[in-house]
Amino acid sequence: MAKITFYGGVGTVTGSKYLLEHNDVQVLVDCGLFQGHKELRERNWQDPPFDPERLSAVIITHAHIDHTGYLPRIVKLGFRGPVYTSKATADLLKILLPDSGRLQEEEADYRNRHNLTSHTPALPLYDEDDAREALKLIRTCSNNGIPTDLGGGYSASFHIAGHIIGASLVLVEMFDGVGESEPTADIAGEKPTPSSVRFLFSGDLGHYDQPIVKDPDPPPACDYLMCESTYGNRLHGDIDSKTQMARIINEAVERNGPILIPAFAVGRTQEVLYLIRELEDEGRIPVLPVAVDSPMAAQATQIYSRTNDEHDEGYASILAQKRHPLRTKSMTTASTREESKRLNEMRGARIIISASGMMTGGRVLHHAVRILPDERATVVFVGYQAAGTTGRKIQDGERLVRIMKQMVEVNCHVERVEGFSAHADWKAVLRWLEGSPDAPKQVFTTHGEPDAAEAMAEHIRERFGWDVIVPQYEQTVELEA
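Take the sequence shown: its position 204, counting from 1, is numbered 735 in our numbering, and each next residue is one higher.
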């Protein structure tokens, strides 16, 4: 009997970890860090609810840290099996995981220097060396739907999810009869086909018609299906993101104030640059200085540029004109700390794009301390803000927030561009599910806060009449062939 246990990505949008077990072989799908509320983040420090040394393999749906950031931790604790993911995701992890390790080390060092720890000394969750050891385990698969044999009676096929470059839907198939005697053929001379359980993981599902990456592939046939529910109770809105961003930028120009855009280094930064470049080309905004203050974003942009097989037609057409789709007319990149600090000397209307997207860390915090109190300034949220994050508090209207151990007034204009989200809203999820060739036995709504996951489940029940479960943390469900 196969089974799945939900060790993350339930009741929250972070910490995705799903443990499959079949014939005493364990495979973990996604290996993410918890983020947001303290009680969630504390789970990162608890002993893992599974034995890392027993895992036969790990499958990664895409590169974001809430799906990958716990991988160096289980390597530190003894995992030595293969990690399967797409080629573009593997390239992005070469940037993201070592950076995450450095951040863990820097946070531990900060706590030790300022005596902010209950442990002496404070230790990092993992370090950069652990991250580099994790990278050695990666094996790449194509996002073309062709199954890869994982051993132990498992196979996995990767399909384009349309969330960020390299993001995958993953169909995991678990076969019976592995390690047992060869089953008898029903007809002499014919090789029998062992029975199997097919489980489709949506990962983070992209919405349709977003720039740069292709739309999600339709779901392949499966027995069980897990779909994300980040926007299970919301729609992205009727005003397109270009119209919203044009208004925001033009109003900021009238105030002669700066614009701060907290953005994930991977995915969102590239989309923002693409859109600003389009608005400039169309003459809908003036040409402003645009500073990308994220070395990781600069490296990720290079990976986006060379992953040609996942570009949509619009991106390809810009390349055919010998133009760079991800570069505005007055754009700079701050790689070093000194270059980042020099951005503080800029005056007048300008745009600063910096990570992290939820304002949980990174260079964006240094800019926020200066920009949030400025009545002429604007902070623009272009992605989902998880509960408990600094970004969510500002977005929800709090006028005083703690940043880097100091209280900062929020006097600036606060804007949200919903259409930028790389997550499908509930209507787009239903549109994707309509492509299913058969009804699955069960659907699980994950990667959503409780209200969103419940709402997504109800949308699916009403539209298709399917059996839908909203799983709980550490819940185990048996999977029948």
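Built from N, CA and C at the ideal position, the CB exists for glycine as well.
| Asked | Found |
| --- | --- |
| Secondary structure of Leu-666, DSSP reduced to three states | helix |
| Range covered by the alpha helix (DSSP H) that runs through Gly-1053 | This structure leaves residue 1053 out entirely; the chain is present only between 532 and 1012. |
| Residue of Lys-972, Glu-980, Thr-976 minimising C-alpha distance to Ile-1000 | Thr-976 |
| Tyr-601 in three-state terms, based on DSSP | coil |
| Neighbourhood of Val-541 by C-beta distance below 7 Å, restricted to the same chain and skipping five residues each side | Thr-977, Pro-1002, Gln-1003, Tyr-1004 |
| Alpha-carbon to alpha-carbon, Arg-574 and Gln-937 | 26 Å |
| Meets three-Cβ-pair contact criterion under 8 Å: the segment 741-752 and the segment 689-705 | yes |
| Assigned exposure category for Glu-809 - 16 Cβ within 10 Å defines buried | buried |
| Residue of Asp-740, Gly-676, Leu-608 minimising C-alpha distance to Arg-962 | Asp-740 |
| Beta strand (DSSP E) segment containing Ala-970, residue limits | Looking at the DSSP string, Ala-970 is not in any beta strand (DSSP E), and its letter there is neither H nor E. |
| Complete runs of the alpha helix (DSSP H) confined to the segment 546-580 [at least 4 residues] | 569-572 |
| Test item: CB-CB of Ser-825 and Thr-800 under 8 Å | yes |
| Alpha helix (DSSP H) segments (min. 4 residues) lying fully within the segment 888-930 | 895-902, 921-926 |
| Delimiting residues of the alpha helix (DSSP H) encompassing Ile-700 | First, the amino acid is wrong: residue 700 is Leu here, not Ile. Segment 699-706 is the beta strand (DSSP E) holding Leu-700; no alpha helix (DSSP H) there. |
| Nearest-angstrom Cβ-Cβ length linking Ser-727 and Ala-1012, presumed shorter than 8 Å | 7 Å |
| Backbone secondary structure at Lys-745 - three-state DSSP | coil |
| Buried or exposed by the 16-neighbour rule on C-beta atoms within 10 Å, applied to Tyr-549 | buried |
| DSSP three-state assignment for Tyr-657, whether helix, strand or coil | coil |
| Among Ser-861, Gly-892, Met-877, Ser-673, the one whose alpha carbon lies nearest that of Ile-596 | Gly-892 |
| Beta-carbon proximity check, Ile-626 vs Ala-831, cutoff 8 Å | yes |
| Cβ-Cβ distance between Ser-760 and Gly-979 below 8 Å | yes |
| Residues near Gly-612 by beta carbon distance below 6 Å, same chain, minus five either side | Leu-586, Ser-587, Ala-588 |
| Unbroken beta strand (DSSP E) run spanning Lys-534, endpoints | 533-537 |
| Where the alpha helix (DSSP H) through Ala-984 begins and ends | 981-995 |
| Residue environment, Gln-968, which counts as buried when at least 16 other CB atoms sit within 10 Å | Before going on, a small fix: residue 968 reads as Pro here, not Gln. Exposed is the call here. |
| Segment limits, beta strand (DSSP E) that includes Ser-587 | 586-590 |
| Per-residue burial, Pro-652 [other beta carbons within 10 Å of its own, 16 or more giving buried] | exposed |
| Exposure of His-650, with buried meaning 16 or more beta-carbon neighbours within 10 Å | exposed |
| Pairwise C-alpha distance: Ile-934 and Gly-567 | 14 Å |
| Contact under 8 Å by Cβ, Gly-563 with Thr-599 | yes |
| CA-to-CA distance, Ile-696 to Glu-993, given in whole angstroms | 32 Å |
| The segment 632-639 in contact with the segment 653-660 per 3-pair CB rule at 8 Å | yes |
| Through-space distance from Glu-1009 to Ala-917, alpha-carbon basis | 30 Å |
| Residues bridged to Ala-687 (per DSSP) | Thr-679, Val-703 |
| Exposed unless 16 or more other CB atoms sit within 10 angstroms - verdict on Glu-813 | exposed |
| Bounding residues of the alpha helix (DSSP H) (the contiguous stretch that carries Arg-881) | Unbroken run through Arg-881 is the beta strand (DSSP E), 881-885; no alpha helix (DSSP H). |
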